[in-house]
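Numbering (the numbering used here), first residue to last: 1033 to 1612. We put the beta carbon where it would ideally sit given N, CA and C, even for glycine.
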């Protein structure tokens, strides 16, 4: 049985107990802890205790079953935090009809509709073999983590629409789907139920179904947020256009309009002037459901102001993003919008949108030319450029000036800080987006493509026995490219120590191997391996750093939880692997 060094840190999510589901026939239970050895292909999850984690552990005596929520949903945002057993298979069915595949797709370099995060195929038994499946959608990239690690799937789903007579008039859509924070689908139309859907066909509201008859899966949390708030409606719009260049609102009584009128929507508006102007829009907003609403507007190369409800509020022209947050009662409320075009070359129109909890974002106005994309992304092909020097920006905004990123054929990539001798991050899915680096003047930055595990902030690699940073000064001696994701870095300290640091992508793409050789040292030291405070030993020499979402594989050494992460001891040599 695995030894857990510390308790699981449960995310603040809505947890649905088994009582929230129908059809639980015994393969599901509620446990306190769950884990797996990703290197053992036993299709099993280990567990202990009784708690709030839902575990499906099918056996011959207790075959797996699907569970179905008792509550039904229409438009909704669904967030599932789950763990796959090695080699296991499950699925999340929206409304019981449309399956998002849940699968152990660890380290796959090419993914299909049947892989983790894919929208599963529809099925037609009347077609010839090999053609029965159709209209499946593979995820854009493989954003899967290793089995035995918590993964997060977020889906924003728009239900099909039906006429009063029950005829379907609009297909369901996956408006967006992210896997572990990476976008894998955007605005995908679902023409009908996928294979294995519940009987009864498409509906306006249906349950969430978790597939349990294919393999082991654990669910830390399932959150379903209904999208049942209608967007506010702008009614007939009155407008006035005032010639002149304005960067501040003048006294309104001094303004003389050159034109005025009424329009049904903002995109019908034409100023009627080819030179600079100030335009005023006013009318009523119809609010169907009371709540908190945020209105955002921007004027390309111009200025604007928005006033909702209280006409006595002070208002001033501003550039950039202009925001008005209001708590609105159901009914009608007044508004005033000002749009200033102070230069002749500014584009026609402005951007106006609204958002609220449980509401699809609504766009009311779009400026001319808003759909124009300045440039295509510049992606680094790892077969042609497997190593790239660049600046690297960390999540906290810190910039690494001497960074190097390395790709392997199997897709296990890493970035390294030459100054601190630290592995900054590891990832898979793609290699690098170098658009910030090479587009126009560029800023020297490259951005990883895929699911990223951040390992270091560029602080000192070597630590004293108590975990504090050493005060040694180091100077890089360069690096040697070994091929297929391998690089050996050399560094010397001013007091005569020499560090050889070899990092190699694993041939199976499941992680990286690192070997450190410290010459001239006799003092026990530590190195910081990764962030994290929740360390679990899942098998001999294999540790799950739960809050970092990675595994640490090391023989002959015991990792320790330090003040700022996971530490390993070193005197002269050390070898370990990071699995992700």
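Item	Value
9 Å Cβ cutoff met for residue 1383 and residue 1328	yes
Candidates 1154, 1052, 1049, 1229, of which the one nearest residue 1124 by Cα	1229
Rounded distance between the beta-carbons of residue 1149 and residue 1179, thought under 8 Å	Between residue 1149 and residue 1179 the Cβ distance is about 14 Å, and since that is not below 8 Å, they are no contact.
Buried or exposed (CB count within 10 angstroms, at least 16 for buried), residue 1212	buried
Unbroken beta strand (DSSP E) run spanning residue 1506, endpoints	1506-1513
Three-pair Cβ contact test at 8 Å for the segment 1234-1244 versus the segment 1289-1298	no
3 or more residues per run - each beta strand (DSSP E) lying fully within the segment 1418-1488	1419-1425, 1431-1438, 1445-1449, 1454-1465, 1479-1486
Stretch-stretch touch, CB-based, cutoff 8 Å, three pairs: the segment 1546-1557 with the segment 1594-1608	yes
Contact belief for residue 1108 with residue 1259 at Cβ below 8 Å, rounded distance in angstroms	6 Å
Contact check, residue 1100 vs residue 1241, beta carbons under 9 Å	yes
DSSP state of residue 1080 mapped onto helix, strand, coil	strand
Beta-carbon proximity list for residue 1227, same chain, < 8 Å, skipping 5 on both sides	1131, 1152, 1153, 1154, 1155, 1165
Cβ pair count under 8 Å reaching 3, the segment 1405-1424 against the segment 1348-1365	no
Option nearest residue 1459 by Cα separation, candidates 1418, 1503, 1177	1177
In chain order, each beta strand (DSSP E) run of at least 3 residues that lies wholly inside the segment 1068-1124	1078-1088, 1099-1101, 1108-1116
Cβ distance (whole Å) where residue 1385 is taken to contact residue 1333 below 8 Å	Not quite, the Cβ-Cβ distance comes to about 19 Å (not below 8 Å), so this is no contact.
Contiguous beta strand (DSSP E) assignments of at least 3 residues, all confined to the segment 1528-1562	1530-1537, 1543-1551, 1557-1562
Residues near residue 1573 in its chain [Cβ-Cβ closer than 7 Å; skip 5 each side]	1585, 1586, 1587
Own chain, CB closer than 6 Å to residue 1185, minus 5 neighbours either side, in chain order	1112, 1211
Sub-9 Å separation of residue 1435 and residue 1447 beta-carbons	yes
Residue 1104 versus residue 1127 - alpha carbon distance	7 Å
Beta strand (DSSP E) segment containing residue 1132, residue limits	1130-1135
Beta bridge counterpart(s) of residue 1053 as assigned by DSSP	1101
Pair within 9 Å by beta-carbon distance, residue 1443 and residue 1461	yes
Buried/exposed call for residue 1043, threshold 16 Cβ in 10 Å	The predicted position of residue 1043 is uncertain, since its pLDDT is 32 and thus under 50; no value can be drawn from it.
Contacting residues, own chain, Cβ-Cβ under 6 Å from residue 1201 (five flanking each side not counted)	1193, 1195
Residue 1202 in three-state terms, based on DSSP	strand
CB of residue 1478 within 9 Å of CB of residue 1537, strictly	no
Inter-residue CB distance, residue 1277 and residue 1335 (contact presumed, cutoff 8 Å)	About 10 Å separates the two Cβ atoms, so there is no contact after all.
DSSP three-state assignment for residue 1314, whether helix, strand or coil	strand
Three-state secondary structure (DSSP) of residue 1612	coil
Where residue 1607 falls: helix, strand or coil (DSSP)	strand
Option nearest residue 1398 by Cα separation, candidates 1491, 1476, 1162, 1301	1301
Coarse secondary structure for residue 1261, derived from DSSP in three states	coil
Proximity below 9 Å, CB of residue 1487 to CB of residue 1559	no
At least 3 beta-carbon pairs within less than 8 Å: the segment 1250-1257 vs the segment 1278-1292	no
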